[in-house]
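Asker:
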Amino acid sequence: MLVISETKPSLLKLSDNLSVRFQKTGSGPPLLLMHTIRTQLEYFRSLVPLLAGSYTVYAIDLPGHGHSSIDPSASFDEPYFRRAVIRFLEELDLTDVTLVGESIGGALALTVAASLPQRVKRVYAINPYDYETRYGDGLRRGNWLANFIIGSLQVPVLGAINASLENKMILGKIMGGGYHDPRKLPADLLAEFDKVARRPGYKRAARKVLAGWRSWSKARDYYRQISIPVTLIYGDSDWSRPDERERTRSLIPATQMLTLENTGHFSAVENPSELARVILAAE
Numbered sequence: 081m082l083v084i085s086e087t088k089p090s091l092l093k094l095s096d097n098l099s100v101r102f103q104k105t106g107s108g109p110p111l112l113l114m115h116t117i118r119t120q121l122e123y124f125r126s127l128v129p130l131l132a133g134s135y136t137v138y139a140i141d142l143p144g145h146g147h148s149s150i151d152p153s154a155s156f157d158e159p160y161f162r163r164a165v166i167r168f169l170e171e172l173d174l175t176d177v178t179l180v181g182e183s184i185g186g187a188l189a190l191t192v193a194a195s196l197p198q199r200v201k202r203v204y205a206i207n208p209y210d211y212e213t214r215y216g217d218g219l220r221r222g223n224w225l226a227n228f229i230i231g232s233l234q235v236p237v238l239g240a241i242n243a244s245l246e247n248k249m250i251l252g253k254i255m256g257g258g259y260h261d262p263r264k265l266p267a268d269l270l271a272e273f274d275k276v277a278r279r280p281g282y283k284r285a286a287r288k289v290l291a292g293w294r295s296w297s298k299a300r301d302y303y304r305q306i307s308i309p310v311t312l313i314y315g316d317s318d319w320s321r322p323d324e325r326e327r328t329r330s331l332i333p334a335t336q337m338l339t340l341e342n343t344g345h346f347s348a349v350e351n352p353s354e355l356a357r358v359i360l361a362a363e
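Each residue of the sequence shown is one higher than the last, beginning at 81 in our numbering.
#1: Just the C-alpha distance for residue 359 and residue 284, rounded to the nearest angstrom, thanks.
#2: Taking the alpha carbon of residue 223 as the reference point, which residue from 122, 265, 319 and 113 has its own alpha carbon closest?
#3: Would you please state the rounded distance, in angstroms, between the beta carbons of residue 225 and residue 253? I believe it to be under 8 angstroms.
#4: On the three-state DSSP scale, how would you describe residue 160?
#5: Once the 5 residues before and after residue 327 are set aside, which same chain residues still bring their CB inside 7 angstroms of it?
#6: Which residue comes first and which comes last in the beta strand (DSSP E) that contains residue 273?
#7: Would the beta-carbon of residue 346 be found less than 7 angstroms away from any heavy atom of the ligand ADP?
#8: For residue 228, count neighbouring C-beta atoms within 10 Å of its own C-beta (all shown protein chains included) and say buried if the count is 16 or more, exposed if not.
#9: Please report the Cβ distance between residue 260 and residue 315, rounded to the nearest whole angstrom; I am assuming they are in contact, meaning their Cβ atoms lie under 8 angstroms.
#10: By DSSP, does residue 119 sit in helix, in strand, or in coil?
#11: Would you mind sorting residue 176 into buried or exposed? The rule is 16 or more other CB atoms within 10 Å of its CB.
#12: State the Cα-Cα distance for the pair residue 94 and residue 172, rounded to the nearest angstrom.
#13: What residue does the beta strand (DSSP E) around residue 297 start on, and which one ends it?
#14: Run through DSSP, which three-state label would residue 346 get?
#15: Tell me whether the beta-carbon of residue 136 lies closer than 8 angstroms to the beta-carbon of residue 111.
#16: From the DSSP output, read off the bridge partner residues of residue 337.
#17: Where do the ends of the beta strand (DSSP E) carrying residue 240 lie?
#18: Can you tell me the Cα-Cα spacing of residue 119 and residue 142, whole angstroms?
#19: Identify whether residue 305 lies in helix, strand or coil by the three-state DSSP scheme.
#20: Classify residue 257 as helix, strand or coil using the three-state DSSP reduction.
#21: Specify the secondary structure class of residue 110 as computed by DSSP and reduced to three states.
#22: Could you check whether the region 123-136 touches the region 159-166, counting it as contact only if at least three pairs of C-beta atoms, one from each stretch, sit closer than 8 angstroms?
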């Protein structure tokens with residue numbers, strides 16, 4: 081029987097103002113998982129066991145997400161997250177790392193690979209969030225409620241009020257807009273996201289992430305610098321459009337692009353087995 085070692089989540093201090101929560105599981109070469117906007121390392125709970133027999137899997141809470149620290153002075157844009165991920169890799173002295181990220185995590189996997197080629201071996205960028213043309217663009221494509229709620233968050237005063245009124249039901253409806261089948265959003269996982277959102281400063285940080293929307297489009301400026309193999313993976317029901325996917329593919333020198341059927345923006349929850357199959361096929 082395969083025994084997969086798993087440590088309890090830990091906090092790694094990266095600076096005086098930032099500590100990130102992470103969990104280490106399995107054995108083998110290092111693989112770093114980076115989650116979507118508004119989630120945390122538990123987002124990968126179904127994917128990690130499928131990879132941990134072949135990799136030492138590091139799953140992290142990005143800054144301001146999950147149980148990582150929330151620096152109220154931080155910008156929470158793409159460069160801020162990228163610097164944090166690079167610092168994480170350097171602090172743990174990880175080399176020959178496979179980066180796997182979804183949504184903003186997918187865009188980060190690409191920009192980190194461009195910025196730190198000496199430590200990164202391969203990238204799997206899943207539904208990379210690099211097509212923003214307005215505030216909260218991706219999330220707002222999910223359904224009418226997501227468009228209304230997310231759009232309102234940019235309005236002074238009203239945005240803070242609406243953010244404070246968010247509850248588990250509203251969060252579920254918004255996130256459900258990113259699934260091919262919204263019924264595949266587990267109730268207990270949604271409850272965890274809702275619980276974490278009640279941390280002091282969390283919702284303000286979440287609004288700052290959305291306010292940095294232009295930075296995720298600017299992330300594409302780094303893609304031509306990537307010198308390692310990249311696999312782009314899209315759900316067939318992802319928020320991105322065919323021309324946006326092709327634009328991303330065309331910018332990355334050594335890339336292949338795959339599509340997962342019956343899968344939306346949150347593929348690590350909706351279709352973890354097929355996602356793991358794609359990643360493990362390259363061993």
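We treat Cβ as the ideally placed atom computed from N, Cα and C, and that holds for glycine.
Answerer: So, from the data block:
#1: The alpha-carbon atoms of residue 359 and residue 284 are separated by roughly 35 angstroms.
#2: Comparing Cα positions, the closest option is 319.
#3: So it is a contact: roughly 5 angstroms between Cβ atoms.
#4: The three-state secondary structure of residue 160, taken from DSSP, is helix.
#5: Excluding residues within five positions, none has a Cβ falling inside 7 angstroms.
#6: No beta strand (DSSP E) holds residue 273; the alpha helix (DSSP H) holding it covers 267-276.
#7: Within the structure as shown, the ligand ADP is missing, as the structure has no ligands at all.
#8: When all chains shown are included, residue 228 counts as exposed.
#9: By a beta-carbon distance limit of 8 angstroms, residue 260 contacts residue 315. Their separation comes to about 7 angstroms.
#10: Of the three classes helix, strand and coil, the one that applies to residue 119 here is coil, per DSSP.
#11: Only exposed fits residue 176, as fewer than 16 other CB atoms lie within 10 angstroms of its CB.
#12: So the alpha carbons of these two residues sit roughly 10 angstroms apart.
#13: Looking at the DSSP string, residue 297 is not in any beta strand (DSSP E); the run it does join, the alpha helix (DSSP H), is 293-298.
#14: In the structure shown, residue 346 falls within a coil segment according to DSSP collapsed to helix, strand and coil.
#15: Closer than 8 angstroms, so yes.
#16: Its beta-bridge partners are 312.
#17: For residue 240, no beta strand (DSSP E) run applies; the uninterrupted alpha helix (DSSP H) run containing it begins and ends at 238-245, by DSSP.
#18: Cα to Cα, the separation comes out at about 9 angstroms.
#19: Here residue 305 sits in helix by DSSP.
#20: Assignment of residue 257 by DSSP, reduced to helix, strand and coil, places it in the coil class.
#21: Residue 110 falls in the strand class under three-state DSSP.
#22: The region 123-136 makes no contact with the region 159-166, as fewer than three CB pairs between them are under 8 angstroms.
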